[in-house]
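J.: In the UniProt record's numbering, the protein residues as written are 1 to 635.
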Amino acid sequence: MSYAEAYQRARQDADGFWAEQARAVAWYQAPTRILDTLQDGTHRWFGDGVLNTSYLALDHQIEQGRGEQLALIHDSPVTASQQRFTFNQLRDRVAELAGALARLGVGKGDGVVIYLPMVPEAAIAMLACARLGAVHSVVFGGFAAHELAIRVDDAKPKVVLTASCGIEIDRVIPYMPLVSGALEQAAHRVEAVLVLQRDAGPADLTGTGFKDWRAEVTGSEPAAPVPVNAADPLYIMYTSGTTGKPKGIVRDNGGHAVALLYALRQVYGMRAGEVWWGCSDVGWVVGHSFIVYAPLLGGCTTVMFEGKPVKTPDAGAYWRVVQEHGVQGLFAAPTAFRAIRKEDPDGEAFKRYDVSSLRHLFVAGEKLDTPTYQWLSELTGRPVYDHWWQTETGWPVTAPCTGLGQTEVRGGSTNRPVPGYQVEVLDANSRPLGPDEEGAIVLRLPLPPGCAQTLWNDHPRYLDAYLNTHPGYYHTGDGGYLDADGFVYIMGRTDDVINVSGHRLSTGVMEEHIATHPAVAESAVVGMHDELCGEVPVGLVVLKDGADIDEPRLEQELVALIRDQVGAVARFRRALVVPRLPKTRSGKTLRAALRKMANGRDFPLPSTIDDPAILDEIAVVLSRDGLVPAPGKPQ
């Protein structure tokens, strides 16, 4: 089936299309009801199907003869170690942990919070919960105690699985003070805490009531997979919300399995036995979907990396992993490659490695700017594919479908919709817009399998946040346009549009142009209040290593560049050099925080921030420049 045929089939006969895809899943009880529409406008896929996700990822693969194939490679430059698990070994470790959790009272529908660094036990814990039909919620190891407490109170776990510490490039982060502090703050009382002791920073568990992971788990009676209904929750993933209270995205078991297997095959073009690397963290949706679940569901070997794109030990880290493990498909955020390009602009580190195994690279999570795309394409000689999706969808919305022969690339586009999604553009009054007309990017209902249909313990909030803005559509919160051939162009979050003297301008477009300057590694453009114009754009710019240009000259050149490419109407007058930009752990720039800081407004410290110290460094630049009398501060 070609891409065009698959897209039309999914659009015209969603039931038939997804019934066909569901046959690729080894159900205990195959579904006969494919799509149910509920009264509130949400949907349920494969309503009477019964399965177990852990069984599909492990036991079923062994039954297909893959028991001695590598399932998981853990590569940890921060500890100078590697671990490898066959499907047999991984199944045994998962079943053993599941048995220990069952002995602690965890069963179908119970909650477990996983607060771990990027260690194999994080994947093992997720799969062990899935084996029991328990609902896991992964919280980044190292998250602040208050943020962890909020998630404990919302998810109400019976057990917390954690480690003694996390390991960064230049420091060890003890977890016990954070976990203890969170459990003291939380109103909900967990029944047990298992602590994985790490050599870099073992914890003293005396008097804490916490249990040693290995002592508690070793020798436990292995647990068999528990059949669950397709609509039963597999996990909760918390994402930020405008109210300050995180939104608990709920992923079901049945739709999730069908969608991820389809995406692995048709979007990423991966087949059983091949090696896949999702460069992310299990705390993010990418880590759930494309480090742990999809590769294993598809019989692939998955790589799990505990390190950074640079400084572990250098800008050749990613290429070393590709060479050593024979990676064939790779997924990372554009910001990772911008960091590599910043430190290795001429590709000297890249030249040390043989990456001939690599077929293609996928990027998502941030806008892929043209200079980074061109640099990466020319450096690797491999196709580089931008694509777009969200925590809520759980798998790609727009992407090249390499398994269906759809590999055309258009600059600035995240490609066409994946079969199952209908992407449209609406104006503020929910009226459809034509080709090249910019508006709100929406998805026509029903959403395909795998997409969240509710929030944990807060269904009204789901309806209000996603379905009520444009009736009959899912509101993505992103703005952009479609061209005449159906290629989608995401211009950024709708709140990243600024109003300059009545002209609505995309800060993402300005960042795209700034990125073409040879001295610039990356930038963020934010709107600042202006008495005359309402808002004016200000660029915060990070230079490439070794860039030889003084700041006044750089500012002049960037102002001229934006005037030439966007127009004088943009009123772009200021470009400030900062040492780095504040990022989430997945690499997204925290533009909302920057916008408030630049406007002198205090803001909540983003719970997902990778390094809070950078905010102080940016405040110094803003104050020194006199741009704002007193930059806003994190609270």
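Don't be surprised by glycine CBs; every beta carbon is placed ideally from N, CA and C.
Since Phe350 and Gly329 are thought to touch, with beta carbons under 8 Å apart, how far apart are those beta carbons, to the nearest angstrom?
T.: Position 350 of the sequence shown, counted from the start, is the residue given in the question as residue 350. Position 329 of the sequence shown, counted from the start, is the residue given in the question as residue 329. At roughly 18 Å, the Cβ-Cβ gap does not stay under 8 Å, so Phe350 and Gly329 are not in contact.
J.: Ala186 by DSSP, collapsed to three states: which one?
T.: One-based indexing of the sequence shown puts residue 186 at position 186. If DSSP states are grouped into helix, strand and coil, Ala186 belongs with coil.
J.: Can you name the start and end residues of the alpha helix (DSSP H) that Thr370 belongs to?
T.: The residue you call residue 370 lines up with position 370 of the sequence shown. That run of the alpha helix (DSSP H) goes Thr370 to Thr380.
J.: In angstroms with no decimal places, state the Cα-to-Cα distance between Thr242 and Thr476.
T.: Within the sequence shown, numbered from 1, the residue matching residue 242 stands at position 242. Within the sequence shown, numbered from 1, the residue matching residue 476 stands at position 476. The predicted position of Thr242 is uncertain, since its pLDDT is 48 and thus under 50; no value can be drawn from it.
J.: Could you compute how far the alpha carbon of Met356 sits from the alpha carbon of Leu368?
T.: Locating residue 356 in the sequence shown gives position 356, where the first residue counts as 1. Locating residue 368 in the sequence shown gives position 368, where the first residue counts as 1. As written in the sequence, residue 356 is Ser, which differs from the Met given in the question. The straight-line gap from Cα to Cα measures roughly 24 Å.
J.: Do you know whose CA, among Leu455, Leu58 and Asp314, lies nearest Lys245's CA?
T.: Within the sequence shown, numbered from 1, the residue matching residue 245 stands at position 245. The shortest C-alpha separation from Lys245 is found at Leu455.
J.: Taking the alpha carbon of Cys165 as the reference point, which residue from Gln12, Phe140, Arg416 and Met491 has its own alpha carbon closest?
T.: Taking the sequence shown and counting its residues from 1, one reaches residue 165 at position 165. Nearest of Gln12, Phe140, Arg416 and Met491 to Cys165, Cα basis: Phe140.
J.: Could you compute how far the alpha carbon of Gly16 sits from the alpha carbon of Gln8?
T.: Walking along the sequence shown from the start, residue 16 turns up at place 16. Walking along the sequence shown from the start, residue 8 turns up at place 8. Gly16 and Gln8: Cα-Cα distance of roughly 12 Å.
J.: Could you give the DSSP three-state label for Met1: helix, strand or coil?
T.: Within the sequence shown, residue 1 is the residue found at index 1, counting from 1. Residue state, collapsed to three classes: coil.
J.: Here's the rule: buried if 16 or more other CB atoms are within 10 angstroms of the residue's CB, otherwise exposed. What is Asn415?
T.: Numbered from 1 along the sequence shown, position 415 holds the residue referred to as residue 415. Asn415 should be labelled buried.
J.: To the nearest angstrom, how far is it from the Cα of Ser430 to the Cα of Leu56?
T.: Counting from 1 along the sequence shown, the entry for residue 430 is found at position 430. Counting from 1 along the sequence shown, the entry for residue 56 is found at position 56. Cα-Cα distance, rounded: 41 Å.
J.: When the Cα atoms are used, what is the spatial distance from Asn88 to Asp212?
T.: Stepping through the sequence shown from its first residue, residue 88 is reached at position 88. Stepping through the sequence shown from its first residue, residue 212 is reached at position 212. So the alpha carbons of these two residues sit roughly 25 Å apart.
J.: Quick check: what's the CA-CA separation for Val25 versus Ala452?
T.: As a working mapping, residue 25 is identified with position 25 in the sequence shown. As a working mapping, residue 452 is identified with position 452 in the sequence shown. Looking at the two C-alpha atoms, the distance is approximately 20 Å.
J.: Please name the residue, chosen from Asp464, Val538 and Arg591, that lies closest to Gly492 on a Cα-to-Cα basis.
T.: For this step, residue 492 is matched to residue 492 along the sequence shown. Comparing Cα-Cα distances from Gly492 to each of Asp464, Val538 and Arg591, the minimum goes to Arg591.
J.: According to DSSP, what are the bridge partners of Glu557?
T.: Along the sequence shown, read from residue 1 onward, the residue named residue 557 stands at position 557. Glu557 pairs with nothing; no bridge assigned.
J.: So does Pro334 have its beta carbon nearer than 7 Å to some heavy atom of the ligand SAM?
T.: Only the bare structure without any ligand can be found here, which leaves the ligand SAM out of the picture.
J.: So Cys165 is in the beta strand (DSSP E); what residue range does that whole segment cover?
T.: To locate residue 165, count along the sequence shown from 1; it is residue 165. Looking at the DSSP string, the run of the beta strand (DSSP E) that includes Cys165 is Cys165 to Ile167.
J.: Give me the Cβ distance between Pro579 and Thr37, rounded to the nearest whole Å; I'm assuming they're in contact under 8 Å.
T.: Here residue 579 refers to the residue found at position 579 when the sequence shown is read from its first residue. Here residue 37 refers to the residue found at position 37 when the sequence shown is read from its first residue. About 52 Å separates the two Cβ atoms, so there is no contact after all.
J.: Does the separation of the CB atoms of Pro634 and Leu615 fall below 8 Å?
T.: Walking along the sequence shown from the start, residue 634 turns up at place 634. Walking along the sequence shown from the start, residue 615 turns up at place 615. Going by C-beta atoms, Pro634 is nearer than 8 Å to Leu615.
J.: Does DSSP classify Ser506 as helix, strand or coil?
T.: Numbered from its first residue, the sequence shown carries residue 506 at position 506. Three-state result, Ser506: strand.
J.: With DSSP as the reference, please indicate the residues paired to His360 in a beta bridge.
T.: Against the sequence shown, residue 360 aligns to sequence position 360. Answer is Gly329.
J.: Less than 8 Å between the CB atoms is what I'm expecting for Ala223 and Arg131, so what's the real figure, rounded?
T.: In the sequence shown, counting from the first residue as 1, residue 223 sits at position 223. In the sequence shown, counting from the first residue as 1, residue 131 sits at position 131. The Cβ separation is near 6 Å, so the contact holds.
J.: Ordered along the chain, which non-local residues of its own chain (more than five positions away) have a Cβ less than 7 Å from that of Ala231?
T.: For the purposes of this step, residue 231 is taken as residue 231 along the sequence shown, with counting starting at 1. Taken in chain order, the residues that qualify are Arg44, Gly47, Asp252 and Gly254.
J.: Looking at Tyr421: is its Cβ nearer than 8 Å to the Cβ of Leu443?
T.: Taking the first residue of the sequence shown as position 1, residue 421 is located at position 421. Taking the first residue of the sequence shown as position 1, residue 443 is located at position 443. Yes, the pair counts as a contact, with Cβ atoms nearer than the cut-off.
J.: Roughly how far, in whole angstroms, is the beta-carbon of Tyr489 from the beta-carbon of Gly412, given that I think they are within contact range, below 8 Å?
T.: Taking the sequence shown and counting its residues from 1, one reaches residue 489 at position 489. Taking the sequence shown and counting its residues from 1, one reaches residue 412 at position 412. Indeed, because the Cβ distance is near 6 Å, the residues count as touching under 8 Å.
J.: What's the C-alpha gap between Leu183 and Met126?
T.: For the purposes of this step, residue 183 is taken as residue 183 along the sequence shown, with counting starting at 1. For the purposes of this step, residue 126 is taken as residue 126 along the sequence shown, with counting starting at 1. Their backbone Cα atoms lie some 21 Å apart in a straight line.
J.: In the DSSP output, what is Val50 paired with across the bridge?
T.: Start at 1 with the first residue of the sequence shown, and residue 50 comes out as number 50. Bridge partners of Val50: Gln29 and Asn229.
J.: Go ahead and label Tyr28 buried or exposed: buried means 16 or more other beta carbons lie within 10 angstroms of its beta carbon, across all protein chains shown.
T.: As a working mapping, residue 28 is identified with position 28 in the sequence shown. By the neighbour-count rule (16 or more Cβ atoms within 10 Å), Tyr28 is not buried but exposed.
J.: Going by DSSP, what residue range makes up the beta strand (DSSP E) through Tyr474?
T.: Position 474 of the sequence shown, counted from the first residue, corresponds to residue 474. Tyr473 to Leu482 is the extent of the beta strand (DSSP E) around Tyr474.
J.: Going straight from the alpha carbon of Gly283 to that of Leu116, what length do you get?
T.: Working through the sequence shown from its first residue, we reach residue 283 at position 283. Working through the sequence shown from its first residue, we reach residue 116 at position 116. Distance between the alpha carbons of Gly283 and Leu116: 9 Å.
J.: Three or more C-beta pairs under 8 Å: does that hold for the region 299-309 against the region 68-87?
T.: Contact holds: three or more Cβ-Cβ distances are below 8 Å.
J.: Contact between the region 560-574 and the region 508-517 is defined here as three or more beta-carbon pairs at a separation below 8 Å; is this criterion met?
T.: Touching, per the Cβ criterion.
J.: Rounded to whole angstroms, what's the CA-CA distance from Gly600 to Pro629? Just pull it up for me.
T.: Along the sequence shown, read from residue 1 onward, the residue named residue 600 stands at position 600. Along the sequence shown, read from residue 1 onward, the residue named residue 629 stands at position 629. Going by the C-alpha atoms only, they are around 8 Å apart.
J.: Can you check the UniProt domain "AMP-binding enzyme C-terminal" (510-588) for any beta strand (DSSP E) of at least 3 residues that lies completely inside it and give the ranges in chain order?
T.: You should have 520-530, 534-543 and 574-577.
J.: Check for me: the beta strand (DSSP E) holding Ser137 runs from which residue to which?
T.: Sequence index remark: in the sequence shown, residue 137 carries index 137 (1-based). Start and end: Val135 to Val138.
J.: Looking at the structure shown, is Gln21 part of a helix, part of a strand, or coil, going by DSSP?
T.: The residue given as residue 21 occupies position 21 in the sequence shown. Three-state DSSP puts Gln21 in a helix.
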